[in-house]
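Take a look at the structure:
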């Protein structure tokens, strides 16, 4: 059977200088991995950020502590310049969260919920109403006003486990959380409860932002853990009159100041050309923000530390960027892009690390074909570490805004099979990040930046 | 820069029948992944095996329960024939385990140890002696008798984090556990304490078998958790007279009967030719044997369930094999190989699943070059799931014995970055196995067996 005959021709340059260059680069890449795998600074920093500081909304005291902590860390990592970018962020704060199912058939029981970010509060009385289950926004719209009015809409569309990418599964189901509450309000719903976006069946509520349509009344909206979403769905089958009660007091206060944090190693040859790598420093407050996205922040700073430790003097200026407010309004990415626009700084490359701290798989590259081909040339350096995917793909919400500046955008891609078990939930804790998997990711990014800095992208 | 110019020529057959065949196979592979990713039977079975049955030495009541449980599971998975292979196994049982450091400088404190499998007991008094630290067997031999006599030898060689493969790092450091105690006894040591074989710094002792040399006295031997190995090493720097006390009562009783469990779906075209996939059912008793190797057993049975569920009637007979006693003496693999020898059964393919339940990376293939090339042809079916490594490599301790029968041997390879955090320790629990990662592995194996069964290997 010859379905696929694959012929691999490694046309390696055979002249001695090229071969010597290649060996030197291979040696450098191995030194970078050795350094990352043998040093615990990054892992211990993530421990501090997760366990000592913890969850950190962009407007919180915790995030201000994280701003100071990462700035200090950049200094120890050898950054020669550290600065902040000021911005005003939305000031939503979480309050009380309780919920119960009330059924004449099954009795009354508490269920585990969590307020959605930016959701309006229920008032001290809470809300109680009959529940109507829908499998996403399309089904809601098919049912229409008669079925929906005065109800709490239970959006129970699960992430599809059969999809190859968990991010695709998340993307498809996330609409019900982001637009669902306002879609339900259009038909007269009084509240919304959203199935947590995870492939696991457990008792962690997975929060996230909801975005209200200003044209319709804002209704309270919470997520419910998957175990209790299944329970509610089961109960509804034998008791369609079941009521849900919930009370939340999360609310929006006047905007406050917050910051991007940036640490830089000045380039030796092209100091005015930038290579940046970043994650977002804000994190949902119900967990510790370890996988999302403490790890991306710390891995970015670790690139600076590895360069400093190994005495690598980059030709271009290398920046680690801690973006603020990715989870709520994306203010940090807007602020950074505005800085690039107004300063006219040339940004050669921007890597986003915001898919968790598991083992590296590869890189999604958003650039012209010839740039992708150039990066793919270096793949053999990465294969021994299991890093095999160098392909066209999206970068991320924070660096994506630099596209207008012709920056080559890259999304660092770890294995995402288990990422949504943690994402936006109390299960996103330091203990769920494996040291070596995290270290492998830092090394992958540092090695790629090393090669791009050395040889450029043209 | 053109270090590597990679030209990929996919010489896909363009005639219509071949293309149609390819599409049909792609569809079958996708159906296999869909089924594995959408069904929780395997994950719930692993939960039962880990949490309800738990750790299971080859001679234990737990393993007998596991034998019955997996036989039943094979029946539900659609096996038409289920049988046992009887054998006698070593009957080592764990007893009391306590240890303390006694230092005039630092005081006295308990440390966490665990008996090594097959180790002799200390006697009720325990043993107490000065400690000499060595970085593996070579250093022990350099020090010689004068330094070693009447001491407890502290083998403190860590796994090397800079090595690309954690299995290589394990293999290099494991000699001190397997041969260390007898090597120390040759020079008059009274006991041995081995640094736990893991890259993590934590309080889990990682046990494993030790093998005594019959020519020298058998001395008690334990492993110590890495946190306390580091502590002991630190204390020794300022107090070389530090003593270690430990008491163990693990001991060997007369051999008992145990079993391999085999479930089979009879082939439609070549019923006398076998494709087997297996893991080992025994597991160290200090944990739950989830990653090592409950997951390999359940994934093997899951192949049968997927075939049955999708109505795939294999041409060859497919067997799931639960090997017994991999951890202590390898009796199950010997017994299975003897069965093959005496029955003359033709074994086309044997896959071993014994590297944990993380995301699949690929397959190590132990076969002639042309067979490997044949299997590599199917790689494009697997790449969308991140399964990319199809290369020459070792299979495993259980199926490895079938090499003499010209069986193609394959070692299923998941991502091994975090495997040794769990291996042989109380940390090897069900909760550390991610459902989707495990499901991806089952699917990878089922899809490969599907293709090999359909097209053969010649």
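Protein chains in written order, with my numbering: chain A, 1 to 458; chain B, 1001 to 1458. Yeah, the Cβ is synthetic: ideal placement off N, Cα and C, and Gly gets one too.
| Item | Value |
| --- | --- |
| Meets three-Cβ-pair contact criterion under 8 Å: the region 414-425 of chain A and the region 197-212 of chain A | yes |
| Same chain only: Cβ atoms within 8 Å of residue 125 of chain A, ignoring 5 sequence neighbours per side | 247 |
| Neighbourhood of residue 1372 of chain B by C-beta distance below 8 Å, restricted to the same chain and skipping five residues each side | 1365, 1390, 1391, 1392 |
| At least 3 beta-carbon pairs within less than 8 Å: the region 1444-1456 of chain B vs the region 1232-1250 of chain B | no |
| Residue 1423 of chain B, DSSP secondary structure in three states | coil |
| Any 3 or more C-beta pairs closer than 8 Å across the region 313-321 of chain A and the region 368-387 of chain A | no |
| Beta carbon proximity, residue 437 of chain A to chain B, threshold 7 Å | yes |
| Closest residue to residue 971 of chain B among B/1355, B/1387, B/1322 (Cα-Cα distance) | Since the first residue of chain B shown is 1001 and the last is 1458, residue 971 of chain B is not available in this structure. |
| Candidates B/1220, B/1445, B/1414, B/1064, of which the one nearest residue 1150 of chain B by Cα | B/1220 |
| The region 1165-1179 of chain B in contact with the region 1078-1094 of chain B per 3-pair CB rule at 8 Å | no |
| Limits of the unbroken beta strand (DSSP E) element including residue 1100 of chain B | 1097-1103 |
| Whole-angstrom distance between residue 242 of chain A and residue 92 of chain A, CA atom to CA atom | 31 Å |
| Residue interval of the alpha helix (DSSP H) (run including residue 445 of chain A) | 435-455 |
| Against chain B: residues of the region 372-401 of chain A by CB proximity under 8 Å | 374, 376, 377, 378, 379, 380, 384, 385, 386, 388, 389 |
| CB contact check: residue 1173 of chain B to chain A, cutoff 7 Å | no |
| Any C-beta of chain A under 7 Å from that of residue 1164 of chain B | yes |
| Buried or exposed by the 16-neighbour rule on C-beta atoms within 10 Å, applied to residue 442 of chain A | buried |
| One or two residues paired with residue 350 of chain A in a DSSP bridge | A/276, A/409 |
| Spatial neighbours of residue 1455 of chain B in its chain, beta-carbon cut-off 7 Å, leaving aside the 5 residues before and after | none |
| Buried or exposed by the 16-neighbour rule on C-beta atoms within 10 Å, applied to residue 3 of chain A | Residue placement at residue 3 of chain A is poorly supported in this model, since its pLDDT is 41, which falls under 50; the coordinates still yield a value, given next. With 16 or more other Cβ atoms within 10 Å, it is buried. |
| Partner residues on chain A for residue 1361 of chain B, Cβ-Cβ distance less than 7 Å | 386 |
| 7 Å Cβ cut-off: residues of chain B touching residue 200 of chain A | 1435 |
| Neighbour flag for residue 1445 of chain B against chain A, beta carbons, 7 Å | no |
| Neighbour list for residue 409 of chain A in chain B, Cβ cutoff strictly below 9 Å | Here the premise fails: no neighbours, minimum Cβ distance about 21 Å. |
| Pick from B/1104, B/1086, B/1114 that is closest to residue 1095 of chain B, judged by C-alpha positions | B/1114 |
| From A/283, A/363, A/290, residue whose alpha carbon lies closest to that of residue 61 of chain A | A/283 |
| Contained alpha helix (DSSP H) runs [length at least 4] in the region 81-148 of chain A, N- to C-terminal order | 137-148 |
| Below-7 Å beta-carbon distance, residue 1341 of chain B vs any chain A residue | no |
| Beta-carbon proximity list for residue 9 of chain A, same chain, < 8 Å, skipping 5 on both sides | Note that residue 9 of chain A has pLDDT 37, beneath the 50 cutoff, so the model's placement of it is unreliable and the number below is only indicative. Counting only Cβ-Cβ distances below 8 Å, and skipping sequence neighbours, we find nothing. |
| Buried versus exposed call for residue 104 of chain A [16 or more other C-beta atoms within 10 Å across all chains shown] | exposed |
| Spatially closest choice to residue 59 of chain A from A/44, A/89, A/31, by CA coordinates | A/89 |
| Own chain partners of residue 350 of chain A with C-beta closer than 6 Å, once the 5 adjacent residues on each side are dropped | 276, 399, 402, 407, 409 |
| Beta carbon proximity, residue 1417 of chain B to chain A, threshold 7 Å | yes |
| Listed by chain order, chain A residues near residue 1421 of chain B by CB distance under 9 Å | 434, 435, 436 |
| Alpha-carbon spacing of residue 1297 of chain B relative to residue 1157 of chain B, whole angstroms | 32 Å |
| Distance between residue 197 of chain A and residue 120 of chain A (C-alpha atoms, nearest Å) | 20 Å |
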